[in-house]
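Chemist: Residue numbers (our numbering): 3 to 195. Idealized CB from N, CA, C, for every residue including glycine. Just so you know, these numbers come straight off a predicted model, no measurement behind them. Okay, handing you the structure first.
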């Protein structure tokens with residue numbers, strides 16, 4: 003993992019000052035927040051060491067396959083609590099489900115999907131914090147079509163909202179030269195109110 007100017011030092015939430023909002027149409031939107039967290043190198047290490055990572059197998063297309071990443075619940079860390087507070091303050095959703103995925107190298111990935119959120123799927127907010135190596139985060143209309151790429155660097159945040167989980171799909175493709183990366187996901191368990 004390559005250290006960046008803002009990657010070293012104590013981890014802290016830098017905020018939404020560099021947020022780029024994109025309207026995807028049909029009520030869907032995405033925000034990319036470069037440098038949402040400063041000090042991401044130490045946070046990457048703390049989550050990597052402090053999470054009980056597990057491998058999973060899933061049924062896909064008539065067979066059971068290994069999930070190409072490790073999953074877990076990250077430790078309770080002040081910077082993650084600060085991220086939850088900042089996200090809830092900006093978007094008005096209680097993001098009480100925090101999980102993590104460890105992409106060990108460029109062979110680990112996540113295929114095209116929309117998050118399964120039950121009755122929340124048609125209108126919700128989901129945030130993903132990237133720590134570690136840069137990867138591409140791709141979005142495309144549900145069912146296929148031209149994709150949009152976001153360069154997802156360590157410390158960056160992507161927030162998908164509105165109908166994005168129902169009308170769009172996202173993925174993190176394999177990348178031969180990628181180093182380890184952790185994605186921290188912030189999801190709601192219920193509607194605001």
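Label residue 43 either buried or exposed according to how many other C-beta atoms from any shown protein chain fall within 10 Å of its C-beta, with 16 as the threshold for buried.
Modeler: Classification for residue 43: buried.
Chemist: What are the start and end residues of the beta strand (DSSP E) that includes residue 130?
Modeler: Counting along the chain, the beta strand (DSSP E) containing residue 130 begins and ends at 128 to 134.
Chemist: With a threshold of 7 Å on Cβ separation, who are the neighbours of residue 175 within its own chain once the five nearest residues in sequence on each side are excluded?
Modeler: Hits under 7 Å: 111, 138 and 140.
Chemist: Find the nearest neighbour of residue 23 within the set 145, 152 and 60, judged by alpha-carbon distance.
Modeler: Checking every option, the nearest Cα to that of residue 23 belongs to 152.
Chemist: If you scan the region 130 to 181 from start to end, which runs of the beta strand (DSSP E) of 3 or more residues do you find wholly inside it?
Modeler: Whole beta strand (DSSP E) segments, 3+ residues: 137 to 143, 150 to 154, 159 to 164 and 170 to 174.
Chemist: Using 10 angstroms around the beta-carbon of residue 98, count the other beta-carbons present and answer buried if the total reaches 16, otherwise exposed.
Modeler: Exposed is the call here.
Chemist: If I measure Cβ to Cβ from residue 160 and keep anything under 8 Å in the same chain, skipping five residues before and after, which residues do I get?
Modeler: 32, 33, 34, 35, 129, 130, 132, 139, 152 and 154, listed in sequence order.
Chemist: Assuming the contact rule is C-beta atoms closer than 8 Å, residue 165 and residue 121 should be a hit. Round their C-beta distance to whole Å, please.
Modeler: Incorrect: roughly 13 Å between the Cβ atoms, too far for contact.
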